[in-house]
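Under my numbering, the first residue of the sequence shown is numbered -10, with each subsequent residue one higher.
A short worksheet on the structure shown next.
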Amino acid sequence: MSGQDPILSDVAKQVSAQRGVGALAEKMGIQILELSAERAVATMPVEGNTQPIGLLHGGAYLVLGETLGSFAANVWAHPNGHAVGIEISASHTKSATRGLVTGTATALSLGKTLTVHEIVVTNEAGERLSTVRITNLIRKATSPADQE
-10 MSGQDPILSD
0 VAKQVSAQRG
10 VGALAEKMGI
20 QILELSAERA
30 VATMPVEGNT
40 QPIGLLHGGA
50 YLVLGETLGS
60 FAANVWAHPN
70 GHAVGIEISA
80 SHTKSATRGL
90 VTGTATALSL
100 GKTLTVHEIV
110 VTNEAGERLS
120 TVRITNLIRK
130 ATSPADQE
């Protein structure tokens, strides 16, 4: 991280404490910088997440996008439910070979049963590399642990 604490809503702090960022996101070096249902920001290093010719792997953009969109949707669903991804797509428009990329998720729709987030991934120069869109289904909590 950049040496400063992430900007988290109170609900985001609860969700983060309960669920963490997830094993895959940890392995990929994803760092959450800001998190609310409406907006989420994270960084991810290019190094260690490349395909054989040295470009950031297309799937890495999707992992970053799903991490942000699903985390924001889970903040929206808390405390009476949780979110699960049901559709994700991405359009990669530029490649990255080094440094950090930043994903910024913006809520397009926050409903009772579905959320939709658009995640714009940029390089350190602010150039758009990929646009990810994720739809999450909000499911009601089925156990007391889901409601904590």
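Built from N, CA and C at the ideal position, the CB exists for glycine as well.
Cβ-Cβ distance between K83 and R117 below 8 Å: If you check the CB distance, K83 and R117 come in under 8 Å.
Beta-carbon proximity list for Q40, same chain, < 8 Å, skipping 5 on both sides: Within the same chain, Q40 has close Cβ partners H46 and G47.
Proximal residues to G140 (C-beta, below 7 Å), its chain only, five neighbours per side dropped: Because the chain here runs from -10 to 137, residue 140 falls outside it and cannot be looked at.
G100 in three-state terms, based on DSSP: Assignment of G100 by DSSP, reduced to helix, strand and coil, places it in the coil class.
Top-ranked residue by Cα proximity to A79, from A49, A72, G100 and L126: The option with the nearest alpha carbon to A79 is A49.
Sequence-distant residues of its chain with Cβ nearer than 7 Å to V64 (five each side left out): Here the set comprises S(-2), V0, A1, V4, L24, S25 and A26.
Per-residue DSSP class, three states only, for Q7: Correct three-state label for Q7: helix.
6 Å Cβ shell around A66 - same chain, five flanking residues per side excluded: Residues A72 and I127 of the same chain have their beta carbon placed closer than 6 Å to that of A66, with the five preceding and five following residues left out of the count.
Three-state secondary structure (DSSP) of A61: A61 falls in the helix class under three-state DSSP.
Cβ-based neighbour list, T104, same chain, cut-off 6 Å, excluding 5 preceding and 5 following: Within the same chain, Cβ atoms closer than 6 Å to the Cβ of T104 are found at A62, W65 and N125, the five residues on either side in sequence being excluded.
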